[in-house]
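To keep things clear, I will list the structure first and then write my remarks on it.
Protein chains in written order, with the working numbering: chain A, 1 to 141; chain B, 142 to 282.
In structure tokens, the structure reads:
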């Protein structure tokens with residue numbers, strides 16, 4: 001049975017806000033037993049994202065490159081730690097109106113390019129139990 | 142090649158602190174396309190844990206049953222949201238001294254029984270980038 005559009009298929013990744021990227025990369029390389037698989041500057045967001053594979057999911061370290069980035073504001077307000085939870089969906093464009101109908105507050109009204117070959121869209125923590133949720137779908141070649 | 146003891150194999154689950162458990166269960170049942178797989182009172186911790194399967198991982202909702210529980214204190218301090226990140230290891234008893242040697246601050250010095258048929262041990266956020274990390278291993282039958 002095909003699940004309805006919008007249904008989460010897996011945890012795609014967990015995003016962590018970090019202050020000292022080099023230290024966090026070294027620590028996760030040790031914990032997760034392998035070097036990062038992706039390191040990407042995300043210019044429009046003013047961040048750098050470093051991704052580690054862990055089983056079928058990923059851990060994403062997020063460091064700020066600008067004092068006005070969302071990650072910089074998060075670090076100022078909450079400190080280092082868990083930043084967002086990213087769910088994999090089959091069709092992100094179809095998922096967004098479904099999530100909105102379910103009561104979610106969309107931050108991105110259309111999918112945009114994220115780090116690590118993903119289409120992504122964020123859901124506001126208000127209406128999702130205080131969790132910044134990211135929906136994502138792998139980008140085809 | 143066998144990874145060294147302590148190496149994380151997968152994201153086992155992500156723990157979310159919630160105020161209104163019924164609302165959060167309804168919302169996650171819709172998002173994740175299926176009812177919870179486990180609902181367990183964890184008496185010593187003064188909490189109830191509700192687990193959903195999502196791909197090869199789980200989402201764990203944590204609600205407080207006592208005003209002095211760790212989850213109650215978390216909700217008071219930080220509000221609802223992402224609470225901890227649980228990593229699966231092959232042998233938790235072997236992993237703990239390795240993590241300590243790596244600089245982690247152990248909250249549990251020995252594995253204890255967690256919700257959903259797991260041996261668990263928590264690592265202090267101090268020394269793990271502000272993230273409350275849980276190591277866990279499936280309990281055999």
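Note that the Cβ used here is the ideal one computed from N, Cα and C, for glycine as well.
Quick caveat: nothing in here was measured; it's all calculated off a predicted structure.
Going by C-alpha to C-alpha distance, which of the options sits closest to residue i?
i: residue 156 (chain B); options: B:226, B:149, B:220; result: B:226
i: residue 231 (chain B); options: A:70, A:26, A:31; result: A:31
i: residue 273 (chain B); options: B:184, B:249, B:179, B:198; result: B:249
i: residue 223 (chain B); options: B:280, B:158, B:209; result: B:158
i: residue 39 (chain A); options: A:137, A:114, A:67; result: A:114
i: residue 99 (chain A); options: B:170, B:148, B:192; result: B:170
i: residue 191 (chain B); options: B:265, B:184, B:210, B:166; result: B:166
Looking at the unbroken beta strand (DSSP E) that takes in residue i, where does it start and where does it end?
i: residue 13 (chain A); result: 10 to 17
i: residue 50 (chain A); result: 47 to 54
i: residue 39 (chain A); result: 38 to 42
i: residue 120 (chain A); result: 118 to 123
i: residue 205 (chain B); result: 198 to 205
i: residue 135 (chain A); result: 133 to 138
Got a sec? Which residues, its chain only, sit under 6 Å from residue i by beta carbon, not counting five neighbours each side?
i: residue 41 (chain A); result: 48
i: residue 94 (chain A); result: 5
i: residue 134 (chain A); result: 84, 86, 120, 122
i: residue 46 (chain A); result: 65, 66, 69
i: residue 37 (chain A); result: 51, 53
Does any residue of chain B have a CB that is nearer than 9 Å to the CB of residue i?
i: residue 83 (chain A); result: yes
i: residue 11 (chain A); result: yes
i: residue 3 (chain A); result: yes
i: residue 105 (chain A); result: no
i: residue 73 (chain A); result: no
i: residue 50 (chain A); result: no
i: residue 17 (chain A); result: yes
i: residue 111 (chain A); result: no
From what residue to what residue does the alpha helix (DSSP H) around residue i run?
i: residue 109 (chain A); result: Where residue 109 (chain A) is concerned, there is no enclosing alpha helix (DSSP H), given that its DSSP letter is neither H nor E.
i: residue 26 (chain A); result: 21 to 32
i: residue 71 (chain A); result: 70 to 78
Using a Cβ-Cβ cut-off of 8 Å (strictly less than) and excluding sequence neighbours within five positions of residue i, which residues of its own chain qualify?
i: residue 112 (chain A); result: 119, 120, 121
i: residue 57 (chain A); result: 10, 11, 12, 13, 14
i: residue 139 (chain A); result: 113, 117, 118, 119
i: residue 78 (chain A); result: 17
Nearest chain A C-beta to residue i closer than 9 Å, yes or no?
i: residue 201 (chain B); result: no
i: residue 179 (chain B); result: no
i: residue 243 (chain B); result: yes
i: residue 198 (chain B); result: yes
i: residue 221 (chain B); result: yes
i: residue 237 (chain B); result: no
i: residue 259 (chain B); result: no
Please return the same chain residues whose Cβ sits closer than 7 Å to the Cβ of residue i, not counting the five positions on each side in sequence.
i: residue 75 (chain A); result: 17, 19, 64
i: residue 268 (chain B); result: 244, 245, 246
Identify every run of the alpha helix (DSSP H) within the stretch 222 to 246 of chain B, keeping only runs that are complete inside it and at least 4 residues long; order them along the chain.
The stretch 222 to 246 of chain B contains these whole alpha helix (DSSP H) runs: 233 to 242.
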